[in-house]
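Note sheet for the following structure.
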Amino acid sequence: MVVDKQDGARIGRPRIWLFAVALLVVLADQGTKALAVAFLAGRPRVPVLGDLAGLTFLRNPGAALGLGSNTTWLFAVIAIIVFAAILISVRRLRSVTWGAGLGLLLGGLVGNLIDRLFRAPGVFHGAVVDFIDLYFFVCNVADIAITGAAVLIIIASLKGIPFGVATHSDHAQQEVDPV
């Protein structure tokens with residue numbers, strides 16, 4: 028395990044959490060979507076907890092609650108930008124909590140991005156497979172991971188858990204602008 032000489036933090040563990048959580052989310056998301064396509068498409072809703080929760084098949088070209096269904100390509104572009112931002116921020120990451128939160132976010136956005144890139148009707152226009160019917164909305168494992176990421180990141184922020192260490196360029200910026 029590599030140790031940062033400046034603060035003694037273990038560098039590898041938060042990154043391992045980030046990528047392990049992301050991989051698990053993508054595998055769970057794509058696996059459950061494959062099952063939904065195979066067993067739920069064209070069939071009536073399967074109640075699990077009566078009307079409160081069940082399984083149903085839906086192709087969602089938009090964002091949450093079907094919003095923006097005519098701008099599917101934009102959601103794909105935003106996901107790619109967030110993906111890049113997470114990968115760029117990894118070098119500063121020193122917190123397992125933030126690593127897990129970003130892993131949930133990365134896994135969720137990659138899971139839905141795979142749908143937008145490779146599902147019908149075509150690249151950057153693919154509809155996301157949703158199948159978990161929670162009465163007011165239908166979602167998938169990726170959506171749940173993204174929501175979990177938001178909650179974990181908010182909690183980490185409110186508790187003051189630091190994301191990581193400042194990079195050399197951050198120190199240079201602080202010297203120029205000490206605010």
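One point on numbering: in this note's numbering, the residue at position 179 of the sequence shown is 206, and numbering is uninterrupted. Backbone N, C-alpha and C fix where the C-beta goes; we use that ideal spot for every residue, glycine too.
Work out the CA separation of residue j and residue i for me, nearest whole Å.
i      : j      : result
Pro189 : Ser122 : 7 Å
Phe84  : Gly135 : 19 Å
Leu131 : Leu82  : 23 Å
Arg42  : Lys186 : 21 Å
Ser116 : Pro71  : 44 Å
Ala177 : Pro74  : 28 Å
Which residue wins for smallest C-alpha separation from residue i, given the options the options?
i      : options                        : result
Leu67  : Ile173, Ala176, Asp157, Gln57  : Asp157
Gly138 : Asp160, Ile171, Ala183         : Ile171
Val53  : Ala183, Ala169, Thr174, Ala176 : Ala169
Gly89  : Val64, Gly153, Leu50           : Gly153
Gln57  : Leu140, Val109, Ala80          : Leu140
Under 6 Å Cβ to Cβ from residue i, same chain only, skipping five residues before and after it: list those, please.
i      : result
Ile113 : Leu129, Leu133
Pro205 : The predicted position of Pro205 is uncertain, since its pLDDT is 39 and thus under 50; a value taken from the coordinates is nonetheless stated next. None.
Going by DSSP, name the residue or residues bridged to residue i.
i      : result
Asn87  : Val155
Val165 : Asp160
Leu82  : Val73, Ile159
Leu120 : Gly191
For residue i, is the beta carbon positioned less than 7 Å from some heavy atom of the ligand ZN?
i      : result
Trp100 : Among the components of this structure there are no ligands whatsoever, and the ligand ZN is therefore not found.
Once you ignore the five residues that flank residue i on each side, which residues in its own chain have a CB closer than 8 Å to its CB?
i      : result
Leu144 : Ala103, Val150, Phe151, Gly153
Go ahead and label residue i buried or exposed: buried means 16 or more other beta carbons lie within 10 angstroms of its beta carbon, across all protein chains shown.
i      : result
Gly191 : buried
Gly77  : exposed
Leu101 : exposed
Can you list, in chain order, the residues of its chain with a C-beta nearer than 7 Å to that of residue i? Leave out the 5 residues immediately preceding and following it.
i     : result
Trp44 : Val123, Gly126, Ala127, Gly130
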